[in-house]
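Take a look at the structure below.
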Amino acid sequence: MSTTYVDLSHTLDEDVQIYPGDPAFSCCPVLTVEKDGLNVHSISMGSHTGTHVDAPYHFFASGAQIDAMPLSAFIGNAVVVEVSNKKAKEMITCEDISPYSESIRRKAAQEHGVFVLLHTGWSRHWRSDLYFEHPFLTRDAAQHLIDLGVKLIGVDTLSPDETRVDGSTPDFGVHELVLGAGAVLAENLTNLGAIRTGDWCVNLIPLKLKGCDGSPVRAFAYRAPN
Ligand SMILES: [Zn+2]
């Protein structure tokens, strides 16, 4: 029987939507088959480009760095929280999470533990200005998820916190709470609607970047073995 893999990653290209102030992305040929007999590209990007994970070191000088974290931190059983009814800048609250509490608790106790993935559907606005106006998680809801034993919270938006493009000081309350608890965040996921039902295992394996605060990942899901 063949395994179905669901790709949860955005394609990285020059139009990739970057968090305000983060470095630009480029992937350019430096050697080519025509001139040099082989193709080699030079890649430049920030550590939070495209679909990626945040390590605790992102917000905490003494937090875990991406290369020091075990692979098990990036493999988990998914609970997809359906919040695709949320409008621009609307908050995702404890009330939205509570119908899933029991299944989160159950999967947290299983091998690989539990990832909670918030399906806002906002990935459909990827590459448009509306992408910055995404729904976001309240601190209370994030705390509730941590209390339930969640080891990773993933969003199909730019951030689990509100993103501000007007230059005002952003509130990183959810980042601070989740990363401060030693858990991981995943951002700019896509295609979460495809794993809404059934049992899925999700892999979000980062590059082994020494001393780094995050890494782009190739995010994917497959049916969890029974
Ligand atoms: Zn990030």
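The numbering of the sequence shown is this note's numbering, which starts it at 21 and goes up by one.
Note that beta-carbon positions come from the ideal geometry of N, C-alpha and C, so glycine has one too.
At what residues does the alpha helix (DSSP H) containing residue i begin and finish?
| i | result |
| --- | --- |
| residue 173 | Per DSSP, residue 173 belongs to no alpha helix (DSSP H); it is in the beta strand (DSSP E), 172 to 175. |
| residue 209 | Residue 209 -> no alpha helix (DSSP H), and no H or E assigned at all. |
| residue 198 | 193 to 200 |
Could you give the distance in angstroms between the alpha-carbon of residue i and the alpha-carbon of residue j?
| i | j | result |
| --- | --- | --- |
| residue 181 | residue 158 | 8 Å |
| residue 223 | residue 111 | 27 Å |
| residue 67 | residue 98 | 24 Å |
| residue 145 | residue 151 | 5 Å |
| residue 15 | residue 215 | Nothing in the structure corresponds to residue 15, since the chain is present only between 21 and 246. |
| residue 77 | residue 124 | 26 Å |
| residue 61 | residue 89 | 28 Å |
| residue 23 | residue 34 | 32 Å |
| residue 49 | residue 65 | 15 Å |
| residue 232 | residue 44 | 17 Å |
| residue 136 | residue 239 | 14 Å |
| residue 199 | residue 226 | 16 Å |
| residue 170 | residue 184 | 27 Å |
| residue 70 | residue 54 | 30 Å |
| residue 59 | residue 32 | 18 Å |
| residue 85 | residue 74 | 9 Å |
| residue 51 | residue 92 | 37 Å |
| residue 177 | residue 57 | 40 Å |
| residue 122 | residue 134 | 12 Å |
| residue 131 | residue 138 | 21 Å |
| residue 30 | residue 82 | 30 Å |
If I follow the unbroken beta strand (DSSP E) through residue i, where does it start and stop?
| i | result |
| --- | --- |
| residue 67 | Counting along the chain, residue 67 falls outside any beta strand (DSSP E), and DSSP gives it neither H nor E. |
| residue 26 | 25 to 27 |
Tell me, which residues are paired with residue i by DSSP?
| i | result |
| --- | --- |
| residue 226 | 237 |
| residue 51 | 60 |
| residue 156 | 111 |
| residue 243 | 220 |
| residue 46 | 64 |
| residue 73 | 206, 235 |
Please determine, among the options, the residue with the shortest C-alpha to C-alpha distance to residue i.
| i | options | result |
| --- | --- | --- |
| residue 162 | 175, 245, 186 | 175 |
| residue 28 | 231, 235, 207, 227 | 207 |
| residue 168 | 219, 107, 129, 26 | 129 |
| residue 218 | 84, 104, 192, 127 | 127 |
| residue 72 | 172, 100, 118, 196 | 172 |
| residue 117 | 131, 100, 229 | 100 |
| residue 79 | 205, 47, 212 | 205 |
| residue 229 | 81, 156, 87 | 87 |
| residue 114 | 191, 179, 165 | 165 |
| residue 257 | 46, 40, 104 | Nothing can be reported for residue 257: it is not among the residues displayed for the chain, which extend from 21 to 246. |
| residue 235 | 57, 94, 56 | 94 |
| residue 154 | 147, 179, 189 | 179 |
| residue 40 | 108, 81, 26, 187 | 187 |
| residue 106 | 63, 143, 96, 81 | 143 |
| residue 148 | 25, 36, 26 | 36 |
Give, in chain order, every unbroken run of the beta strand (DSSP E) that is at least 3 residues long and sits entirely within the stretch 85 to 149. Listed in chain order, they are 95 to 102, 134 to 139.
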